[in-house]
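Reviewing the structure listed below.
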Amino acid sequence: MEDKEQVYHNLQKRILLLSLAVSFTPLIILGLTMYYQFEKAAWQRTEAQVSYMAQAHAEAVDLFLKERTAILSVMADTHSFEEMAEEDRLRSVFDIMNLRAGAFVDLGVIDDAGNHRAYVGPYALRDKNYYDQPWFNEVMSKGVYRSDVFMGFRNIPHFIIAVRRTENRSSWILRATIDPDVLGNIVRSAQVGRSGEAFIINREGIYQTRPRFEGPILAKADLNTSIFGGRVTATELRDSKGDSYLCAGSWFNDNKWLLVIKKDPTEMLADLFAVKFFQVSIISIGIIAIILTTIFTTRLAISQLRKADGKTSELNAQLIQADKLAALGKMAAGVAHEINNPLAIILQQSGWMEDLLAEEEFTDSSNYQEYKNAIDKIEHHVERARKVVHNMLGYARKMEPRLEDVDINETLNQTITFLENYSRSNDIDIQTDLADNLPIIAGDQAKLQQVFLNLISNAVDAIGQEGNIIIRSRQDSAKILVDIEDDGPGMSEENQKKIFDPFFTTKEQGRGTGLGLWVTYNIIDKMGGTIHVKSELEKGSVFSVEIPIVIPDKK
Numbered sequence: 138m139e140d141k142e143q144v145y146h147n148l149q150k151r152i153l154l155l156s157l158a159v160s161f162t163p164l165i166i167l168g169l170t171m172y173y174q175f176e177k178a179a180w181q182r183t184e185a186q187v188s189y190m191a192q193a194h195a196e197a198v199d200l201f202l203k204e205r206t207a208i209l210s211v212m213a214d215t216h217s218f219e220e221m222a223e224e225d226r227l228r229s230v231f232d233i234m235n236l237r238a239g240a241f242v243d244l245g246v247i248d249d250a251g252n253h254r255a256y257v258g259p260y261a262l263r264d265k266n267y268y269d270q271p272w273f274n275e276v277m278s279k280g281v282y283r284s285d286v287f288m289g290f291r292n293i294p295h296f297i298i299a300v301r302r303t304e305n306r307s308s309w310i311l312r313a314t315i316d317p318d319v320l321g322n323i324v325r326s327a328q329v330g331r332s333g334e335a336f337i338i339n340r341e342g343i344y345q346t347r348p349r350f351e352g353p354i355l356a357k358a359d360l361n362t363s364i365f366g367g368r369v370t371a372t373e374l375r376d377s378k379g380d381s382y383l384c385a386g387s388w389f390n391d392n393k394w395l396l397v398i399k400k401d402p403t404e405m406l407a408d409l410f411a412v413k414f415f416q417v418s419i420i421s422i423g424i425i426a427i428i429l430t431t432i433f434t435t436r437l438a439i440s441q442l443r444k445a446d447g448k449t450s451e452l453n454a455q456l457i458q459a460d461k462l463a464a465l466g467k468m469a470a471g472v473a474h475e476i477n478n479p480l481a482i483i484l485q486q487s488g489w490m491e492d493l494l495a496e497e498e499f500t501d502s503s504n505y506q507e508y509k510n511a512i513d514k515i516e517h518h519v520e521r522a523r524k525v526v527h528n529m530l531g532y533a534r535k536m537e538p539r540l541e542d543v544d545i546n547e548t549l550n551q552t553i554t555f556l557e558n559y560s561r562s563n564d565i566d567i568q569t570d571l572a573d574n575l576p577i578i579a580g581d582q583a584k585l586q587q588v589f590l591n592l593i594s595n596a597v598d599a600i601g602q603e604g605n606i607i608i609r610s611r612q613d614s615a616k617i618l619v620d621i622e623d624d625g626p627g628m629s630e631e632n633q634k635k636i637f638d639p640f641f642t643t644k645e646q647g648r649g650t651g652l653g654l655w656v657t658y659n660i661i662d663k664m665g666g667t668i669h670v671k672s673e674l675e676k677g678s679v680f681s682v683e684i685p686i687v688i689p690d691k692k
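Each residue of the sequence shown is one higher than the one before, starting from 138 at the first, in the working numbering.
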């Protein structure tokens with residue numbers, strides 16, 4: 138038994154491991170593949186968003202600068218140097234420029250010697266000379282110039298836009314300072330999220346707008362501008378701490394300034410992490426469900442296997458018992474044959490003794506009647522013994538079904554005679570209520586006798602001691618009904634449902650094989666009839682057999 142339990146334990150363990158491995162492998166591979174694909178798609182989507190944002194804001198800043206440059210050029214082209222040198226006229230022009238476009242901090246007119254001839258603005262710049270300033274030469278040589286952010290005479294970070302106009306073979310410059318806060322607001326609108334960063338740097342990496350986190354304006358950025366090529370470039374970089382971030386840069390049309398947007402991947406991929414958590418949760422729930430289901434089904438399968446193994450062992454034992462009973466039946470048939478011979482001799486000798494009593498010398502004997510009675514008793518009991526042996530032979534010898542003329546009532550009486558001594562020894566009274574004039578049917582008398590023998594003997598066994606059995610027969614249309622009723626302990630509804638199952642028995646272990654009623658049911662079923670039971674606890678049982686009436690062939 139211990140060896141079997143160890144086998145079941147090892148089998149259960151192997152099934153569990155194999156089932157879990159087969160279930161988990163595709164689930165984990167699918168989860169990892171889905172996460173990788175989603176991460177890749179999320180990164181590409183975020184990269185595209187950052188690139189688009191960088192390009193859009195760079196175009197906005199570029200448009201902002203071009204509009205101011207265009208307005209400044211228009212004002213220079215539509216006014217003469219003398220007009221612009223008058224500060225009242227210059228103030229009027231300055232007001233119109235801010236009304237039309239805005240973001241102009243001051244406006245100045247500078248002659249070809251670098252002298253500030255007129256100025257409108259908050260700073261004291263009227264007497265300044267710009268001839269030695271780098272931007273002055275740039276304007277005079279190029280005609281239009283936008284500077285980087287520088288300190289200058291103001292000593293604060295600022296940048297200018299200047300245009301040159303030639304008039305009467307002499308040149309003069311109209312210069313305007315752009316409000317850096319307006320430019321900064323445009324750039325800062327790209328600073329999305331808690332860690333988003335946006336700023337403008339020149340080709341040397343100098344901040345042209347104030348960054349959000351990294352340092353002051355005009356400081357050197359820790360960024361190599363050469364990695365940004367073309368219109369927009371997005372790449373993954375690492376800061377001084379080794380943390381990675383996504384960086385997108387877009388050059389302005391003049392390729393002097395670079396708009397840079399930085400984003401933290403952790404913040405960018407927050408949706409990915411939420412999906413990752415959800416995915417891990419779903420996979421974890423799936424794994425737990427698979428484990429529980431696998432354990433449950435494996436234990437259920439092993440339990441069913443144990444039950445099947447137990448039933449197989451029980452079946453083997455019952456088949457051995459049935460084989461013993463079959464051997465015992467054959468032996469009983471042989472014994473019956475052996476008994477028949479001495480019975481015939483006894484009957485023959487009793488007949489000879491009866492003939493002797495008829496002679497004159499015995500008829501006058503005072504013991505004649507006593508002899509006569511003794512011979513009659515011998516013949517009576519010999520005849521009784523022969524009938525029992527005859528019934529045993531009839532029950533045992535006919536194994537293959539064959540049609541013959543069968544009288545149901547006579548078959549019932551023969552069976553009752555066969556069990557009469559057995560029932561009487563247990564104080565059980567077998568009563569009959571058999572209908573007259575039942576038709577003779579074509580059937581297998583030995584099989585029917587086996588049916589009745591099983592049902593009546595079961596009724597006797599159910600009663601045990603002191604009870605009654607009533608056997609009834611009647612005709613109902615095209616069938617004969619036989620009821621075998623006992624006043625035994627009865628059966629529960631659950632047992633009634635299984636009473637005709639093979640190897641099911643309510644008897645004590647060793648007293649029954651559980652095959653009798655199953656065989657009985659199959660015999661009646663093959664005849665085209667039915668058998669059913671009605672029972673109630675403490676009130677007894679009634680087995681009802683319906684036998685179809687088959688008219689025998691005429692002989």
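C-beta: ideal position from N, C-alpha, C; glycine also.
Small disclaimer: the values here were computed from a predicted structure and weren't measured.
- CA-CA distance, residue 354 to residue 287, rounds to 10 angstroms.
- Per DSSP, residue 279 lies in no beta strand (DSSP E) segment; the continuous alpha helix (DSSP H) that holds it begins and ends at 271-279.
- Looking at the DSSP output, residue 245 bridges to 256 and 312.
- Note on geometry: alpha-carbon atoms of residue 311 and residue 259 lie some 17 angstroms from one another.
- Apart from the 5 residues on each side of it in sequence, residue 665 sits with its Cβ closer than 7 angstroms to the Cβ of 685 in its chain, given in chain order.
- According to DSSP, residue 680 shares a beta bridge with 621 and 670.
- Per DSSP, residue 371 is not a residue of any alpha helix (DSSP H); the beta strand (DSSP E) it occupies stretches across 369-375.
- Straight through space, the alpha carbons of residue 279 and residue 329 are spaced by roughly 38 angstroms.
- A check of alpha carbon separations from residue 598 across 575, 613, 618 and 624 identifies 624 as the nearest.
- Nearest to residue 549 by alpha-carbon distance, out of 520, 478 and 607, is 607.
- According to the DSSP assignment, residue 334 belongs to no alpha helix (DSSP H) but to the beta strand (DSSP E) extending over 334-339.
- Secondary-structure assignment with DSSP links residue 423 through no beta bridge to anything.
- In the pairwise beta carbon analysis, the segment 473-486 is classified as not touching the segment 444-451: fewer than three pairs are separated by under 8 angstroms.
- Nearest neighbour of residue 304 by Cα position, chosen from 215, 362 and 244, turns out to be 215.
- Listed in chain order, the alpha helix (DSSP H) runs fully inside the segment 200-251 are 218-222 and 224-237, counting runs of at least 4 residues.
- In the displayed model, residue 268 falls within coil according to three-state DSSP, outside both helix and strand.
- DSSP places residue 165 within a helical segment (H, G or I) once states are collapsed to three.
- Residue range 545-562 is occupied by the alpha helix (DSSP H) that includes residue 548.
- Just so you know, the alpha carbons of residue 431 and residue 145 end up roughly 16 angstroms apart.
- In this structure, the beta-carbon distance from residue 282 to residue 276 falls below 8 angstroms.
- Only buried fits residue 317, as 16 or more other CB atoms lie within 10 angstroms of its CB.
- The Cβ atoms of residue 336 and residue 348 sit closer than 8 angstroms to each other.
- Counting along the chain, residue 663 sits inside the alpha helix (DSSP H) bounded by residues 653-663.
- Using a Cβ distance threshold of 8 angstroms, residue 587 and residue 551 do not count as a contacting pair.
- In the three-state scheme derived from DSSP, where H, G and I count as helix and E and B as strand, residue 321 is classed as helix.
- Partner residues in a beta bridge of residue 688, as assigned by DSSP, do not exist.
- A check of alpha carbon separations from residue 581 across 687, 402, 211 and 212 identifies 687 as the nearest.
- Looking from the CA of residue 678, the closest CA among 605, 657, 616 and 661 belongs to 605.
- Between residue 614 and the set 575, 579, 642 and 181, the nearest pair of CA atoms involves 575.
- Your pair residue 611 and residue 572 checks out as a contact, with CB atoms roughly 4 angstroms apart and the cut at 8 angstroms.
- The closest CA to that of residue 616, considering only 493, 577, 522 and 644, is found on 577.
- Boundaries of the beta strand (DSSP E) around residue 612: 604-613.
- Between residue 480 and residue 443 the beta-carbon gap is near 54 angstroms, outside 8 angstroms, which marks them as no contact.
- Between the alpha carbons of residue 491 and residue 476 lies a distance of about 22 angstroms.
- Below 8 angstroms, enough C-beta pairs join the segment 233-245 and the segment 205-225 to call them touching: three or more.
- In the displayed model, residue 491 falls within a helix according to three-state DSSP.
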